[in-house]
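Visitor: For the sequence shown, this note's numbering begins at 191 and goes up steadily by one. This structure is in structure tokens; I'll ask about it shortly.
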Amino acid sequence: MSEFDEFDEINYPRPYETGFGDILDRAMSRRNFLGATARVGAASFVMSTGLLGASTAARADSPSMGFEAVKATSADAITLPAGYESQVVVRWGDPLWSKGVDFDQATRGTGESQEMAFGDNCDGMMFYPTSDTSGVMAVNNEYSNRNIICPDGINTADDVRKVKAAHGVSVFEVAMKDGQWQTVVDSKYNRKFTADADMEITGPARGDALMKTAADPSGTKSLGTWNNCGNGTTPWGTYLACEENFNGYFGSTDEAHEPTAMQKRYGVGNKDWKYNWYKHDARFDISKEANECNRAGYIVEIDPLDPSSTPKKRTALGRFKHENAAIVIADNGHAVAYMGDDERGEYLYRFVSKNKYEEGNDAANRNLLEEGTLSVAKFGEADANLAGKGEWIELTHGKNGIDASAGFASQAEVCIHARLAGDVVGATTMDRPEWVAANPNKAEVYCTLTNNKNRGKKPNRGGVETPAGGPNPRVGNLYGQVVRWMPAGGDHTAAGFDWDLFVVAGNPTLHDDLNAGSSNINENNMFNSPDGLSFDVDGRLWIQTDGNYSNEEEFAGMGNNQMLCADTASGEIRRFMVGPIACEVTGASWSKDRTTMFIGIQHPGEKDKPSHWPDGGDTVPRSAVVAVRRTDGGIIGA
Ligand code: FEO
Ligand code: CA
Ligand code: CA
191 MSEFDEFDEI NYPRPYETGF GDILDRAMSR RNFLGATARV GAASFVMSTG LLGASTAARA
251 DSPSMGFEAV KATSADAITL PAGYESQVVV RWGDPLWSKG VDFDQATRGT GESQEMAFGD
311 NCDGMMFYPT SDTSGVMAVN NEYSNRNIIC PDGINTADDV RKVKAAHGVS VFEVAMKDGQ
371 WQTVVDSKYN RKFTADADME ITGPARGDAL MKTAADPSGT KSLGTWNNCG NGTTPWGTYL
431 ACEENFNGYF GSTDEAHEPT AMQKRYGVGN KDWKYNWYKH DARFDISKEA NECNRAGYIV
491 EIDPLDPSST PKKRTALGRF KHENAAIVIA DNGHAVAYMG DDERGEYLYR FVSKNKYEEG
551 NDAANRNLLE EGTLSVAKFG EADANLAGKG EWIELTHGKN GIDASAGFAS QAEVCIHARL
611 AGDVVGATTM DRPEWVAANP NKAEVYCTLT NNKNRGKKPN RGGVETPAGG PNPRVGNLYG
671 QVVRWMPAGG DHTAAGFDWD LFVVAGNPTL HDDLNAGSSN INENNMFNSP DGLSFDVDGR
731 LWIQTDGNYS NEEEFAGMGN NQMLCADTAS GEIRRFMVGP IACEVTGASW SKDRTTMFIG
791 IQHPGEKDKP SHWPDGGDTV PRSAVVAVRR TDGGIIGA
């Protein structure tokens with residue numbers, strides 16, 4: 191999502207800092223940075239500027255990239271390489287049950303119709319195959335474009351019911367029929383977890399005083415999940431929906447109400463983001479219910495193949511604006527989750543399970559996210575190649591100064607106020623950590639740092655200064671970068687790591703400093719604001735963008751948001767797909783035989799931009815899950 195952080199800036203502006211704006215001087219020159227990718231790319235890294243196409247030789251240990259790059263475009267369409275085609279699988283408002291009704295272009299539906307239909311603004315997703323031609327999809331429906339779903343505003347109780355039902359997670363069966371992936375209406379798997387669905391609170395914060403509300407004095411059962419951004423998936427077959435900008439749905443009917451410091455640290459205040467839920471549902475009114483906001487901002491574990499299961503909020507993994515969760519089983523058997531907190535100047539986290547993964551014992555594995563050690567990343571200074579060392583610092587009550595003297599009574603409070611614990615230990619403020627992805631074939635992990643106009647200019651929401659440096663080298667970072675870390679000894683549970691920058695996005699047609707980007711960026715593959723990030727099983731890295739699509743000024747030549755494919759060994763990045771007008775491309779999953787890649791097109795036509803995707807004519811733009819295939823039936827990207 192590209193819009194919500196702007197709301198926070200408007201509602202709760204932070205003063206510009208003085209004193210380190212001149213840190214600009216520390217930004218590395220591009221010439222210095224060439225060393226980094228040269229080191230990564232070794233001898234075979236050849237970037238032929240001015241040449242589109244599959245000409246760059248892949249390294250012997252790299253998966254192939256056997257497609258011709260597509261050019262940047264501002265077309266209101268999905269643009270793919272020659273030999274590829276796409277189809278829409280499901281659009282916002284398409285019914286998942288036969289008692290639903292077709293999407294109404296004029297009204298954009300009612301509360302009742304939306305409760306029967308696929309939600310809005312699809313984001314993270316995962317396909318759980320039941321055969322080569324069928325499976326169950328779990329898809330986050332992150333948020334709604336208010337002016338599209340309710341053109342006259344969200345005013346009535348039914349408007350609120352509709353918009354709540356457009357949020358959350360949709361789970362549904364899809365199957366190949368007549369050569370197309372189609373939803374299986376009325377499948378036993380079809381479920382919707384809206385902003386009012388039953389959730390179980392698990393982990394250290396379960397039953398804590400801060401989790402108790404008038405409606406749930408036990409502090410163990412909450413209602414709903416909303417603003418789920420990226421996702422994770424586990425080796426034990428569950429789906430992880432990640433609650434991100436949960437704060438924007440809380441407001442106060444009493445304008446004189448004073449939010450707490452803890453609420454402010456998370457952006458919860460008297461003004462919501464114009465969803466108006468708090469006017470119709472008292473649990474979103476912070477003047478009436480102070481603790482409901484403590485029950486959002488978690489990783490939610492869902493079993494998509496068990497239609498009777500209740501989602502579990504995993505508080506052990508911390509409360510913050512979760513982007514996604516990359517799950518790895520470390521060599522020593524512990525389950526590891528890497529997670530970003532997507533806000534300017536917030537932190538990168540790691541969770542290590544207390545217990546070990548047991549092959550074939552998923553009943554036990556399903557408790558792995560219940561208990562473990564939460565840590566936060568502290569990056570060391572960058573060397574001349576923009577690389578360095580770092581360490582994970584435990585956020586455990588009683589350690590590292592996280593105790594009663596710092597305001598933490600228990601581990602429950604550490605989890606609920608993870609950001610404040612990160613402040614205490616001096617975690618590194620990051621340029622908006624979005625998705626994390628772990629290489630399936632190597633002990634290395636990547637995270638998109640999408641952009642940060644406040645870097646070197648404003649503190650984070652906790653008042654922590656954000657000087658340029660380390661993996662966040664540019665003041666007022668416009669374009670974003672992808673940081674990569676290699677755990678010490680290849681052990682994902684180790685405290686130490688080495689890091690470098692896999693790519694620094696930029697515009698080499700305009701700049702010759704670090705804003706030109708790293709040496710694997712050229713006029714034919716340039717992009718901004720990397721966000722979605724996924725590895726396929728062969729080790730291709732797929733980078734999706736959610737950035738400036740003006741195609742003008744600093745962003746000239748970049749076109750609409752897009753998806754690129756990267757060879758992590760050579761550093762080569764090649765544009766694979768461009769999305770329609772004003773969309774973000776987000777979410778990726780594959781069919782069992784890997785001949786279909788499912789991707790999400792989110793918020794086409796946001797901010798009143800002229801998109802009519804996917805149906806054309808004068809239709810309302812609708813976010814949708816898209817299936818991409820090769821006309822020859824081959825593996826995607828190969
Ligand atoms: Fe929902 Fe951080 O993007
Ligand atoms: Ca984003
Ligand atoms: Ca995102």
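Just so it is clear, CB atoms sit at the ideal spot from N, CA and C, and this is done for glycine as well. All values derive from a computational prediction rather than experimental measurement.
With a 10 Å radius around its C-beta and 16 neighbouring C-beta atoms as the bar for buried, classify Ile200 as buried or exposed.
Guide: When all chains shown are included, Ile200 counts as exposed.
Visitor: Grouping DSSP H, G and I as helix and E and B as strand, with all else coil, what is Gln295?
Guide: Gln295 falls in the coil class under three-state DSSP.
Visitor: Is it right to say Glu448 is buried, meaning 16 or more other beta carbons lie within 10 angstroms of its own, or is it exposed?
Guide: Exposed, by the Cβ-count rule.
Visitor: Check this for me: beta carbons of Gly580 and Ala599, under 8 Å apart or not?
Guide: No, the Cβ-Cβ distance between Gly580 and Ala599 is not below 8 Å.
Visitor: DSSP on Thr403, reduced to helix/strand/coil?
Guide: In this structure, Thr403 counts as coil in the three-state DSSP scheme.
Visitor: For Gly211 and Asn644, I'd like the C-alpha separation in whole angstroms.
Guide: Its pLDDT being 35, under 50, Gly211 is placed unreliably in this model, and the value from its coordinates should be taken loosely. So the two alpha carbons sit approximately 10 Å from each other.
Visitor: Which residues, in chain order, sit with a beta-carbon under 6 Å away from any heavy atom of ligand 3?
Guide: Going along the chain, the residues that qualify are Cys419, Gly420, Glu513, Glu624, Asp721, Asp736, Thr776.
Visitor: Just to confirm the assignment, what range does the alpha helix (DSSP H) spanning Glu533 have?
Guide: Here Glu533 belongs to no alpha helix (DSSP H), and DSSP marks it neither H nor E.
Visitor: Out of Asn484, Thr320, Met366, Trp416, state which residue places its alpha-carbon closest to the alpha-carbon of Arg396.
Guide: Nearest C-alpha to Arg396: Asn484.
Visitor: Would you mind reading off the limits of the beta strand (DSSP E) that contains Arg351?
Guide: Taken as a continuous stretch (DSSP letters only), Arg351 belongs to no beta strand (DSSP E), being part of the alpha helix (DSSP H) at 347-356.
Visitor: Could you give the first and the last residue of the continuous alpha helix (DSSP H) run that contains Asp896?
Guide: Since the displayed the chain opens at 191 and closes at 828, residue 896 lies outside it and no answer follows.
Visitor: How far does the beta strand (DSSP E) with Ile492 in it reach, from first residue to last?
Guide: Element bounds for Ile492: 489-492.
Visitor: Could you please give me the residues that DSSP links to Asp690 through a beta bridge?
Guide: Ala577, Arg674.
Visitor: Can you say whether Glu603 is buried or exposed, counting buried as having 16 or more other CB atoms within 10 angstroms of its CB?
Guide: So Glu603 counts as buried.
Visitor: Beta-carbon within less than 7 Å of Ser412's beta-carbon, same chain only, minus the 5 sequence neighbours each way: which residues are those?
Guide: Answer for Ser412: Met389, Ile391, Asp406, Arg485, Lys503, listed in chain order.
Visitor: In angstroms with no decimal places, state the Cα-to-Cα distance between Asp462 and Phe440.
Guide: Answer to the nearest angstrom: the Cα atoms are 5 Å apart.
Visitor: Are the stretch 284-295 and the stretch 746-764 touching, with three or more C-beta to C-beta distances below 8 Å?
Guide: The answer is no - the stretch 746-764 does not touch the stretch 284-295, with fewer than three Cβ pairs under 8 Å.
Visitor: Less than 8 Å between the C-beta atoms of Thr638 and Gly670, yes or no?
Guide: Result yes, Cβ atoms of Thr638 and Gly670 sit closer than 8 Å.
Visitor: Buried or exposed, going by whether 16 or more other CB atoms sit within 10 Å of the CB of Gly823?
Guide: Counting Cβ neighbours within 10 Å, Gly823 comes out exposed, since fewer than 16 surround it.
Visitor: In this structure, does DSSP put Lys502 in helix, strand or coil?
Guide: Strand at Lys502.
Visitor: From Asn641 to Asp368, what does the alpha carbon distance come to, in whole angstroms?
Guide: Going by the C-alpha atoms only, they are around 43 Å apart.
Visitor: Which residue marks the beginning of the alpha helix (DSSP H) containing Asn337, and which one marks its end?
Guide: Counting along the chain, the alpha helix (DSSP H) containing Asn337 begins and ends at 336-339.
Visitor: On the DSSP letters alone, give me the boundaries of the beta strand (DSSP E) that Gly562 sits inside.
Guide: Residues 562-569.
Visitor: Looking at Ser840: is its Cβ nearer than 8 Å to the Cβ of Met315?
Guide: Given that the chain is displayed from residue 191 to residue 828, the structure contains no residue 840 and the question cannot be resolved.
Visitor: Between the Cα of Ile826 and those of Tyr202, Cys773, Ser254, spot the shortest distance and give me the residue it belongs to.
Guide: Ile826 has its Cα closest to that of Ser254, out of Tyr202, Cys773, Ser254.
Visitor: Give me, in chain order, the residues of the same chain whose beta-carbon lies closer than 6 Å to that of Trp803; leave out the 5 immediate sequence neighbours on both sides.
Guide: Cβ within range, chain order: Asp266, Pro770, Pro794, Pro811.
Visitor: Please report the distance separating the alpha-carbon of Gly209 from that of Lys546.
Guide: In this prediction, Gly209 scores a pLDDT of 41, lower than 50, which makes its location untrustworthy; no coordinate-derived value is stated.
Visitor: Within the same chain, show all residues whose beta-carbon is closer than 6 Å to that of Asn667, passing over the 5 residues directly before and after it, in chain order.
Guide: The residues are Asp621, Asn641, Asn642, Arg645.
Visitor: Roughly how many angstroms lie between the CA atoms of Lys478 and Ile711, to the nearest whole one?
Guide: If you take the alpha carbons of Lys478 and Ile711, they lie about 51 Å apart.
Visitor: Rounded to whole angstroms, what is the Cα-Cα separation between Arg651 and Phe436?
Guide: Arg651 and Phe436: Cα-Cα distance of roughly 16 Å.
Visitor: Find the nearest neighbour of Ala431 within the set Gly806, Asn331, Lys647, judged by alpha-carbon distance.
Guide: Of Gly806, Asn331, Lys647, the residue nearest in Cα terms is Asn331.
Visitor: To the nearest angstrom, how far is the alpha carbon of Asp703 from that of Asn629?
Guide: Using only the alpha carbons, I get a separation of about 30 Å.
Visitor: To the nearest angstrom, report how far apart Asn418 and Val329 are at their CA atoms.
Guide: In a straight line, the C-alpha of Asn418 is about 9 Å away from that of Val329.
Visitor: Taking only the alpha-carbon atoms, compute the straight-line gap between Asp475 and Ala399 and give it to the nearest angstrom.
Guide: Their Cα atoms are separated by approximately 19 Å.
Visitor: On a CA-only basis, which of Gly722, Arg473, Lys352 is nearest Trp790? Give me that one, please.
Guide: Reading the sequence as shown, one finds Gly at residue 790 and not Trp. Among Gly722, Arg473, Lys352, the Cα nearest to that of Gly790 is on Gly722.
Visitor: DSSP state of Asn642, grouped into three classes?
Guide: Strand.
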